[in-house]
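Participant: First the structure, then my questions, so here it is.
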Amino acid sequence: MKRVLEPELMEDEAQVKAYAEGDFEAPHSQFIERLRAFVDEPDFSGTALDLGCGPGDISRRFARAYPLSRVHAVDGSAAMINYGKLSTADELRPRINFIHGLLPAVSLPQANYDIIFSNSLLHHLPDPMVLWQVIKHYAGPGARVVIMDLLRPASIDEARAMVRAYAADEPDVLKRDFYQSLLAAFRMEEIAGQIAQAGLNLDIEQISDRHVFITGVTS
Ligand SMILES: C[S@@+](CC[C@H](N)C(=O)[O-])C[C@H]1O[C@@H](n2cnc3c(N)ncnc32)[C@H](O)[C@@H]1O
């Protein structure tokens, strides 16, 4: 099945509200568990960059997992950034800087970061190389990279079956987004090709029927 693009930014208020209130406990806790296994330093005190942070759930989970860290969380959607700011408790606010800006053009506060992570941005990008080039640009030497995204199923029927299996109880707008995201996602071999083209040395692993997890340390 060929890739079908979905709208790059999530800007519609109803869509953003549904996404921010959606139940992402399973994939987001899995993301942080795997990240913690990779960055096994509870006293990590560097600055992280969250690319395509959406309403910031993963930024907040990261900040709680690493109490000495700071996070710069970037998204091109003003509605998402507003949700991120409003959903962040007072005690985390000093450590999470939500930045409204479009990748790759946005100018970030730091020239490089100690860790760059991203969940579910890649499949939104018309040009996937944007993600890998931003990582190359902003990763300091020895920076950790942690990326999770959806994988494109082999057929429309498989995509529909995944929506039934994993989003049955979600509102229609989230079911539609999930379906469109599956069609817009990449296959394992496409992602491996992008990483090779960018000259990055990252490990890529399929961790479920619909998720890929990518880790590495930049040189
Ligand atoms: C599916 S959401 C993922 C949000 C969050 N990372 C999470 O896991 O909950 C993808 C986000 O990427 C943002 N996005 C897409 N293209 C972008 C770009 N070029 N620059 C910045 N943000 C972008 C969208 O606005 C959306 O909020």
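Using the numbering used here, you'd call the opening residue of the sequence shown number 374 and step up by one each time.
All C-beta atoms, glycine included, are put in the ideal place defined by N, C-alpha and C.
It should be emphasised that the depicted structure is a prediction, and the values quoted were computed from it without experimental measurement.
#1: How is the alpha helix (DSSP H) around Glu-398 delimited, first residue to last?
#2: In the structure shown, what three-state DSSP assignment does Asn-470 receive?
#3: Is the beta carbon of Glu-384 less than 8 Å from the beta carbon of Ser-450?
#4: Please classify Asn-574 as buried or exposed, where buried requires at least 16 neighbouring CB atoms within 10 angstroms.
#5: Touching or not, the stretch 552-567 and the stretch 396-408, by the rule of three or more beta carbon pairs under 8 Å?
#6: Have a look at Ala-462 and Tyr-456 and give me their C-alpha separation to the nearest angstrom.
#7: If you follow the alpha helix (DSSP H) that Phe-435 is part of, which residue opens it and which one closes it?
#8: Looking only at C-alpha atoms, which of Leu-475, Ile-508, Ile-488 and Ser-493 sits nearest to Phe-397?
#9: Can the beta-carbon of His-473 be found less than 8 Å from the beta-carbon of Ile-431?
#10: Compute the distance between the beta-carbons of Leu-556 and Ala-532, then report whether it is under 8 Å.
Facilitator: Here's the rundown:
#1: 398-411
#2: strand
#3: yes
#4: exposed
#5: no
#6: 12 Å
#7: 430-438
#8: Ser-493
#9: no
#10: yes
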